[in-house]
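Numbering (the working numbering), first residue to last: 217 to 488.
Virtual Cβ for every residue (Gly too), placed ideally from N, Cα, C.
Predicted model only: the values in this text are computed from it and were never measured.
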Amino acid sequence: MQVSTEYLRTLQSRIDRVGNNMANNLSSGFKAQLLTVEEGYDAQDYSNTIALYGGVPGSGKPVLNINLYTGNRFDFSQGNLANSGNDFDMAIVGDGFFQVRMPNGQLGYTRAGVFSKDGAGNLVNNQGMLLEPRITMPGDVSEISIDDKGIISGVKIATSEEDTEYASNDEESQDDRVQLGKVLLFQFANPNGLEQTGNNIFLSTDASGKAVEKIPGEDGCGIIKSGMLEKSNANLLSSITDLIQIQRAYQVELRLRQDQDEMTVQTIAMRR
């Protein structure tokens, strides 16, 4: 009975994960949750799994536990890129996360590069979270661009006749471009240990290790493509197929439980 109950809970958890993947099919930078679980019969294997992928402390009891994963918890494969028309939007090609400051002051990590300027000129994501390290855009620059290394540059706007004359005499020169900031990316030793929270944000844990600051394009880190967004890597068709299979398994298990209950009632009635 206990194993059957845990099995139903596991199926329900799988349904929740598939539903979440389907709901975020159009969310920029979303990474699909995977469904693989294992039976924690061996206490050592149980502890090893927790160390690798995170989860709740184990009791060592031979019971199915949805927090035990045999493989990756998330599908971190690259999503397709799409032009956004916004120069401040950024897509990561390769490994890495953007770091943002959440409303509670905690640092979060995301692949969703939907950014814009707030009223103070700071780069923020679509939830109003500051990009960290903080980058502030001055108001006297134009033609802002972000290169593959995350360097943000722009052209200073002419504020006098002298500046205007200088700009006209040096139209083809790139010397008048000024660096405004640099976007850094962050990597984890074990990204599958990250904790997923709302708004497409991940939190670091003991299982994931601390975030390591990286320069885009160096030391195994991905590069940045500005004016583009990474699409969700959730596959809607496979999610629908998974959902149908899980629902059928759920129905079969419930039917077995009902048959067992009926047999128990009949057995008790016969003994009377």
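Nearest candidate by alpha-carbon position, reference P432, set Q403, Q467, K365, E446: Residue K365 is the option with its Cα nearest to P432.
Spatially closest choice to D392 from F402, V357, N299, by CA coordinates: Of the listed residues, the one whose Cα sits closest to D392 is V357.
Beta-carbon proximity check, N296 vs S332, cutoff 8 Å: No.
G329 classed as buried or exposed, judged by whether at least 16 other C-beta atoms fall within 10 angstroms: By the 10 Å Cβ count, G329 comes out buried.
Where the alpha helix (DSSP H) through M318 begins and ends: From DSSP, M318 is part of no alpha helix (DSSP H); its letter is neither H nor E.
Nearest-angstrom Cα separation, counted from R289 out to I417: Going from the Cα of I417 to the Cα of R289 covers about 15 Å.
Cut-off 6 Å between Cβ atoms - residues of its own chain near T352, not counting five sequence neighbours on either side: Cβ neighbours of T352 beyond the five flanking positions: G337, N338.
N- and C-terminal bounds of the beta strand (DSSP E) containing A298: Segment 297-299, the beta strand (DSSP E) holding A298.
Sheet register partners of F314 (DSSP bridge): Beta-bridge analysis with DSSP links F314 to T326.
Selected residue, minimal CA-CA separation from F402, among N408, Q412, K426: Checking every option, the nearest Cα to that of F402 belongs to K426.
Local Cβ density within 10 Å of N449, reported as buried at 16 or more and exposed below that: N449 comes out buried.
Terminal residues of the beta strand (DSSP E) in which I439 lies: Where I439 is concerned, the enclosing beta strand (DSSP E) stretches over 439-442.
Local Cβ density within 10 Å of V468, reported as buried at 16 or more and exposed below that: By the neighbour-count rule (16 or more Cβ atoms within 10 Å), V468 is not buried but exposed.
Where Q395 sits in the DSSP three-state scheme: In the displayed model, Q395 falls within a strand according to three-state DSSP.
Residue closest to K441, alpha-carbon to alpha-carbon, out of A485, L459, F304: When each option's Cα is compared against that of K441, the closest is F304.
Simplified DSSP state of Q249, which is helix, strand or coil: In the structure shown, Q249 adopts extended strand secondary structure according to DSSP, grouped into three states.
L452 classed as buried or exposed, judged by whether at least 16 other C-beta atoms fall within 10 angstroms: Exposed is the call here.
Span separating the alpha-carbon of F396 from that of D291: A quick correction: the sequence has Leu, not Phe, at residue 396. Rounded to whole angstroms, L396 to D291 spans 34 Å at the Cα level.
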